[in-house]
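Here's the structure we're looking at; comments come further down.
Number of protein chains: 2
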Amino acid sequence: MQPDKLFSRSARLMQPSPIRRMAGLVNQPGVISFAGGMPNPATFPDKDLRRILDEIVERDGSRIFQYGITRGLPEFCELLAGLLTKRGVTIGDGQGLMVTNGSQQGLNLVSQVFLDPGDVVLVESPSYVGALACFRNHQAELVGVAQDEDGIVPEDLAEQAATLAAAGKRVKFLYCIPNFQNPSGVTITPARRARIVEIARRHGFLIVEDDPYGELYFSGVKPGDIRPLKALPEGEDVIYLSSFSKVVTPGLRTAYLAGPEWVIARLELAKQAADLCSSSLDQRLIYEYCRRGLYEAHLQEVRDFYDVKCQAMLKAMEQSMPAGITWTRPRGGMFLWGTLPGGMDAEALAMEAVQHLRVAFIHGGPFFVDGTGQNTFRLTFAKEDVPAIEQGVRLLADFFLSKVAAL
Amino acid sequence: MQPDKLFSRSARLMQPSPIRRMAGLVNQPGVISFAGGMPNPATFPDKDLRRILDEIVERDGSRIFQYGITRGLPEFCELLAGLLTKRGVTIGDGQGLMVTNGSQQGLNLVSQVFLDPGDVVLVESPSYVGALACFRNHQAELVGVAQDEDGIVPEDLAEQAATLAAAGKRVKFLYCIPNFQNPSGVTITPARRARIVEIARRHGFLIVEDDPYGELYFSGVKPGDIRPLKALPEGEDVIYLSSFSKVVTPGLRTAYLAGPEWVIARLELAKQAADLCSSSLDQRLIYEYCRRGLYEAHLQEVRDFYDVKCQAMLKAMEQSMPAGITWTRPRGGMFLWGTLPGGMDAEALAMEAVQHLRVAFIHGGPFFVDGTGQNTFRLTFAKEDVPAIEQGVRLLADFFLSKVAAL
Chain Y
19 MQPDKLFSRS ARLMQPSPIR RMAGLVNQPG VISFAGGMPN PATFPDKDLR RILDEIVERD
79 GSRIFQYGIT RGLPEFCELL AGLLTKRGVT IGDGQGLMVT NGSQQGLNLV SQVFLDPGDV
139 VLVESPSYVG ALACFRNHQA ELVGVAQDED GIVPEDLAEQ AATLAAAGKR VKFLYCIPNF
199 QNPSGVTITP ARRARIVEIA RRHGFLIVED DPYGELYFSG VKPGDIRPLK ALPEGEDVIY
259 LSSFSKVVTP GLRTAYLAGP EWVIARLELA KQAADLCSSS LDQRLIYEYC RRGLYEAHLQ
319 EVRDFYDVKC QAMLKAMEQS MPAGITWTRP RGGMFLWGTL PGGMDAEALA MEAVQHLRVA
379 FIHGGPFFVD GTGQNTFRLT FAKEDVPAIE QGVRLLADFF LSKVAAL
Chain G
19 MQPDKLFSRS ARLMQPSPIR RMAGLVNQPG VISFAGGMPN PATFPDKDLR RILDEIVERD
79 GSRIFQYGIT RGLPEFCELL AGLLTKRGVT IGDGQGLMVT NGSQQGLNLV SQVFLDPGDV
139 VLVESPSYVG ALACFRNHQA ELVGVAQDED GIVPEDLAEQ AATLAAAGKR VKFLYCIPNF
199 QNPSGVTITP ARRARIVEIA RRHGFLIVED DPYGELYFSG VKPGDIRPLK ALPEGEDVIY
259 LSSFSKVVTP GLRTAYLAGP EWVIARLELA KQAADLCSSS LDQRLIYEYC RRGLYEAHLQ
319 EVRDFYDVKC QAMLKAMEQS MPAGITWTRP RGGMFLWGTL PGGMDAEALA MEAVQHLRVA
379 FIHGGPFFVD GTGQNTFRLT FAKEDVPAIE QGVRLLADFF LSKVAAL
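For the protein sequence lines, the chains are Y and G, in the order given.
Quick note: our numbering has the first sequence finishing at residue 425, numbered continuously throughout.
Quick note: our numbering has the second sequence finishing at residue 425, numbered continuously throughout.
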């Protein structure tokens with residue numbers, strides 16, 4: 019057989035994530051890891067989940083194990099609608115909701131429903147690599163939009179949109195992670211959110227708002243700071259994705275998306291052909307977990323858990339990082355983002371650090387779509403405990419100092 | 019917003035299954051249903067699954083709830099490889115394996131990796147509507163291949179392949195369900211399997227072998243009758259899909275596919291962008307269920323369960339169906355296939371039957387890609403018990419008799 023003759027054009031373009039190449043090194047014992055992007059398993063409420071599992075399987079028996087509805091278990095969807103109401107997003111009245119296998123499936127279905135080869139997707143610079151891979155698999159052209167400590171820069175968004183329109187390009191949507199972004203830790207300010215929605219409407223493209231971290235806010239954050247773009251007066255066409263992966267457990271593949279019914283109806287058809295339905299067991303388990311009020315109480319614990327680690331990392335950074343290195347101050351989520359002096363190669367440093375220093379972090383280049391960001395890096399505070407965070411940051415600071423001094 | 023301007027070309031083509039329109043009627047209480055395609059929940063081993071769930075969550079704790087590997091839980095993949103060995107399919111030595119969320123996801127990933135718009139997929143006439151929808155969503159051109167009581171007609175396959183090649187069309191693969199096919203209940207004979215593999219090799223297209231029903235054979239079937247095309251000496255390029263949906267439970271979305279490593283590696287990249295990984299809980303649950311030897315014992319029970327129902331349906335058909343109506347004699351699976359005299363409209367009859375007779379079946383037209391099959395229908399014996407099967411067939415026979423007499 020001749021693979022290259024048989025593969026589709028998109029399959030021929032598929033590439034393993036450049037970050038995955040480091041995975042083998044990162045997970046070695048003895049390595050302090052600021053790499054990876056997984057939630058800390060210490061936050062998983064496995065005792066509660068075990069008890070609920072036992073009760074629901076006893077109570078519901080074989081009903082649990084039958085095929086489910088493509089949009090999701092009806093009572094679960096109702097609960098999710100209630101959860102979204104608290105964030106200011108109303109389902110019904112032309113708005114719909116669907117359960118997906120993680121938000122990654124939501125992103126893939128959105129890509130399938132909106133992207134033809136050559137269509138433009140606007141993405142934050144930097145952005146989540148899993149989303150970039152998904153859009154690339156649908157042969158989209160990815161265009162980066164500038165981002166600073168306040169999130170997407172509206173002026174740049176408007177300018178990019180105008181330039182692309184003038185060049186005859188078709189922008190289908192802006193993909194953004196407004197709260198405690200992966201990878202940057204940055205949050206878009208309320209004022210900018212309103213402007214972004216307004217720019218999208220004016221230029222006729224959609225917004226795909228990915229919000230896996232919104233519930234993971236730290237002390238001092240007010241609801242108004244992180245209100246979804248979809249909750250804005252003109253946000254009805256926004257497609258909003260959220261997930262239980264970071265706040266309960268990712269092994270249960272249970273996320274959800276909300277959007278205008280004309281979008282959800284089409285996404286439902288795409289999901290039906292993509293996998294018929296999501297796991298009944300996973301959905302019922304998360305449903306019961308929420309219904310019993312355990313989710314809200316658990317959330318507060320998880321927020322505190324990551325808040326402590328984040329503050330420890332930020333404090334250690336302040337104390338030890340050499341001049342010339344800057345970083346973001348996340349107010350939630352799992353990540354912070356660093357920038358080395360221009361010309362430094364974060365990828366080479368990451369490789370050297372994990373091998374010789376036994377401290378792992380992720381180089382920033384792959385999070386950009388334009389080849390920039392070679393001097394940037396991502397740190398997660400999710401995995402290690404506070405002493406390891408302090409030790410790791412100190413080691414990293416000394417390491418960076420030696421490299422900056424050698425410039 | 020202007021949906022039609024924003025949707026992708028494939029999204030604009032997506033259509034709800036014509037079968038789904040009947041779903042509301044079929045599921046009314048009091049209806050004897052030979053429609054639907056779900057396994058009977060009485061076959062789900064929920065007591066065993068409950069016990070295992072409790073044990074594995076206690077033993078493995080939060081490990082169960084973390085993100086998993088895209089290809090699937092390693093120990094589960096190893097077990098699946100052993101299971102395939104028993105069917106004559108060897109993993110390793112250039113062959114790989116991956117876990118999917120039901121075989122529907124496998125079909126969608128295969129479509130994504132192989133199909134560009136306009137590529138041809140050869141399908142059995144009739145074939146599984148969920149697969150047809152999936153291929154259509156990737157803008158494939160579907161071409162039907164003749165099928166009789168012995169399965170795909172090799173002469174027709176060869177002729178179609180030659181005609182398509184002469185017309186400059188690019189055939190990417192043949193999609194087939196060789197054992198107890200949905201919808202026809204037909205099984206491809208061993209002699210024809212060898213010829214089909216040979217024709218595919220000669221014409222340079224792949225075979226996608228979907229085998230959800232192979233383990234559901236009835237008494238009298240020998241292993242040699244249903245050996246996978248992939249197990250044939252020249253079958254190494256065959257992509258083979260199988261699933262636990264019909265033989266354990268479909269609510270746990272746990273299926274698997276095997277194929278040449280060059281295919282699996284690309285499918286893995288596609289799955290990574292499609293949903294990162296399958297449910298850890300579902301995989302561990304099925305893994306433990308198999309590892310403890312419960313699967314083999316359970317299979318025999320499920321086979322007997324459906325065998326009894328099938329024989330009851332066949333016997334009732336023999337006794338009561340009027341002349342001019344023919345049907346297949348399935349040796350496994352969940353379906354049999356009927357043909358009414360030419361010119362009769364099975365869709366109108368199905369609608370009338372469910373409304374007035376309170377007996378539901380599915381019209382055959384949507385299972386064909388060329389607009390034929392208007393006088394065909396599918397019956398499942400999976401759902402009803404033997405008395406209901408006997409009663410339903412008798413009612414249906416009288417109903418058909420009145421319609422045939424009126425011709």
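Just so you know, even glycine gets a beta-carbon here, dropped at the ideal spot from N, CA and C.
What does a CB cutoff of less than 7 Å around D300 (chain G) pick up in its chain, not counting 5 residues either side in sequence? Counting from one through the second sequence, the residue named residue 300 (chain G) turns up at place 282. Cβ within range, chain order: L270, R271, T272.
Leaving aside the five residues before and after D363 (chain G) along the sequence, list all residues of the same chain whose C-beta is less than 7 Å from its C-beta, in chain order. Counted from its first residue, the second sequence places residue 363 (chain G) at position 345. Only Q392 meet the Cβ criterion.
Measure how close the beta-carbons of V411 (chain Y) and V44 (chain Y) come, nearest whole angstrom, since I'm counting them as under 8 Å. Translated into positions along the first sequence, residue 411 (chain Y) becomes position 393. Translated into positions along the first sequence, residue 44 (chain Y) becomes position 26. Rounded, the Cβ-Cβ distance is 17 Å, inconsistent with contact.
Length at least 4, wholly inside the region 233-305 of chain G: the alpha helix (DSSP H) runs in chain order: 279-293
Which value, in whole angstroms, describes the spacing of the CA atoms of V107 (chain G) and R213 (chain G)? Sequence index remark: in the second sequence, residue 107 (chain G) carries index 89 (1-based). Sequence index remark: in the second sequence, residue 213 (chain G) carries index 195 (1-based). Computed Cα separation, rounded: 18 Å.
Rounded to whole angstroms, what's the CA-CA distance from Y14 (chain Y) to V239 (chain G)? Just pull it up for me. Outside the modelled stretch of chain Y, which goes from 19 to 425, sits residue 14 (chain Y), for which no answer is possible.
Give me the Cα-Cα distance between D293 (chain G) and C152 (chain Y), rounded to the nearest whole angstrom. Stepping through the second sequence from its first residue, residue 293 (chain G) is reached at position 275. Stepping through the first sequence from its first residue, residue 152 (chain Y) is reached at position 134. Rounded to whole angstroms, D293 (chain G) to C152 (chain Y) spans 10 Å at the Cα level.
Quick one: what's V189 (chain Y) bridged to in DSSP? Residue numbering aside, residue 189 (chain Y) sits at position 171 when the first sequence is read from its first letter. DSSP lists Y:V138 as partners of V189 (chain Y).
Closer than 9 Å at the beta carbon, the chain Y residues around N441 (chain G): Residue numbering for chain G in the displayed model covers 19 to 425; residue 441 (chain G) lies beyond these limits and cannot be assessed.
Against chain Y, with Cβ distances strictly below 7 Å, would G301 (chain G) count as a contact? Taking the first residue of the second sequence as 1, we reach residue 301 (chain G) at position 283. Here the sequence assigns Gln to residue 301 (chain G), which means Gly is not the residue at that position. So no, Q301 (chain G) is outside the interface.
On the DSSP bridge list, what partners appear for Q165 (chain Y)? As a position in the first sequence, residue 165 (chain Y) is number 147, starting the count at 1. Answer is Y:I170, bridged to Q165 (chain Y).
In DSSP terms, what L160 (chain Y) is bridged to: Within the first sequence, the letter at position 142 stands for residue 160 (chain Y). DSSP lists Y:V139 as partners of L160 (chain Y).
Using the Cα positions of F83 (chain G) and P268 (chain Y), report the straight-line distance between them to the nearest angstrom. The residue given as residue 83 (chain G) occupies position 65 in the second sequence. The residue given as residue 268 (chain Y) occupies position 250 in the first sequence. When rounded, the distance between both Cα atoms is 6 Å.
Completely contained beta strand (DSSP E) runs for the region 348-399 of chain G, where each covers 3 or more residues: 353-357, 394-398
Alpha-carbon spacing of S202 (chain Y) relative to G48 (chain Y), whole angstroms: As a position in the first sequence, residue 202 (chain Y) is number 184, starting the count at 1. As a position in the first sequence, residue 48 (chain Y) is number 30, starting the count at 1. If I take the Cα positions, the gap works out to 26 Å.
Tell me which residue opens and which closes the alpha helix (DSSP H) that T103 (chain Y) is part of. Position 85 of the first sequence, counted from the start, is the residue given in the question as residue 103 (chain Y). Per DSSP, T103 (chain Y) belongs to the alpha helix (DSSP H) from 92-104.
For G114 (chain Y), three-class secondary structure by DSSP: For the purposes of this step, residue 114 (chain Y) is taken as the residue at position 96 of the first sequence. It is a strand residue.
Taking its Cβ as the centre, do 16 or more other Cβ atoms sit within 10 Å of R309 (chain G), making it buried, or is it exposed? Against the second sequence, residue 309 (chain G) aligns to sequence position 291. Classification for R309 (chain G): exposed.
Straight-line CA distance for L419 (chain G) to T390 (chain G)? Against the second sequence, residue 419 (chain G) aligns to sequence position 401. Against the second sequence, residue 390 (chain G) aligns to sequence position 372. The straight-line gap from Cα to Cα measures roughly 23 Å.
Member of Y:H374, Y:A368, Y:D388, Y:V387 whose CA lies at the smallest distance from the CA of I380 (chain Y): Counted from its first residue, the first sequence places residue 380 (chain Y) at position 362. I380 (chain Y) has its Cα closest to that of Y:A368, out of Y:H374, Y:A368, Y:D388, Y:V387.
Name, please, each residue of chain Y whose Cβ falls closer than 7 Å to the Cβ of E76 (chain G). The residue labelled residue 76 (chain G) in the question sits at position 58 within the second sequence. What E76 (chain G) touches in chain Y: R68.
Return the residues of the region 266-278 of chain Y that lie within a Cβ-Cβ distance of less than 7 Å from chain G, sorted by chain order. T267, P268, G269, L270, R271
Within 10 Å of its beta-carbon, does S237 (chain G) have 16 or more other beta-carbons around it, so buried, or fewer, so exposed? Numbered from its first residue, the second sequence carries residue 237 (chain G) at position 219. Flag for S237 (chain G) reads exposed.
Quick one: grab the DSSP three-state call for T207 (chain Y). Indexing the first sequence from 1 puts residue 207 (chain Y) at position 189. It is coil, neither helix nor strand.
Counting only C-beta atoms, is N119 (chain G) closer than 7 Å to chain Y at any point? Here residue 119 (chain G) corresponds to residue number 101 of the second sequence, with the count starting at 1. Closer than 7 Å: yes.
Presumed contact (8 Å Cβ cut-off) between D66 (chain Y) and L312 (chain Y), rounded CB distance: By one-based count along the first sequence, residue 66 (chain Y) stands at place 48. By one-based count along the first sequence, residue 312 (chain Y) stands at place 294. Confirmed, about 6 Å.
Looking at C-beta atoms only, is the number of pairs between the region 245-261 of chain Y and the region 350-358 of chain Y that lie closer than 8 Å three or more? no
Residues of chain Y with CB under 9 Å from D111 (chain G), in chain order? For the purposes of this step, residue 111 (chain G) is identified with residue 93 of the second sequence, where counting begins at 1. Under the 9 Å cutoff, chain Y gives no residues; its nearest Cβ is about 16 Å from D111 (chain G).
Quick one: what's got a C-beta closer than 6 Å to A53 (chain Y)'s C-beta in the same chain, skipping five residues either side? Locating residue 53 (chain Y) in the first sequence gives position 35, where the first residue counts as 1. Answer for A53 (chain Y): V44, A378, F379, I380, listed in chain order.
Just the chain G side, please: which residues come within less than 7 Å of L24 (chain Y) by C-beta, in chain order? Here residue 24 (chain Y) corresponds to residue number 6 of the first sequence, with the count starting at 1. F132, K190, L224, listed in chain order.
Once you ignore the five residues that flank L450 (chain Y) on each side, which residues in its own chain have a CB closer than 7 Å to its CB? The requested residue 450 (chain Y) does not occur in the structure, where chain Y is confined to residues 19 to 425.
N-terminal and C-terminal residue of the beta strand (DSSP E) that D72 (chain G) is part of: Taking the second sequence and counting its residues from 1, the one referred to as residue 72 (chain G) is at position 54. Taken as a continuous stretch (DSSP letters only), D72 (chain G) belongs to no beta strand (DSSP E), being part of the alpha helix (DSSP H) at 64-78.
Can you tell me the Cα-Cα spacing of Q178 (chain G) and V387 (chain G), whole angstroms? Position 160 of the second sequence, counted from the first residue, corresponds to residue 178 (chain G). Position 369 of the second sequence, counted from the first residue, corresponds to residue 387 (chain G). Approximately 14 Å between the Cα atoms of the pair.
Could one say the Cβ of P384 (chain Y) lies closer than 7 Å to chain G's Cβ atoms, at least one of them? Here residue 384 (chain Y) is taken as the residue at index 366 of the first sequence, counted from 1. No, because no Cβ of chain G sits closer than 7 Å to the Cβ of P384 (chain Y).
I need the boundaries of the alpha helix (DSSP H) containing E336 (chain G), first residue and last residue. Taking the second sequence and counting its residues from 1, one reaches residue 336 (chain G) at position 318. Note, E336 (chain G): alpha helix (DSSP H), 312-338.
Which class does T344 (chain Y) belong to by DSSP, given the choice of helix, strand or coil? Walking along the first sequence from the start, residue 344 (chain Y) turns up at place 326. Strand at T344 (chain Y).
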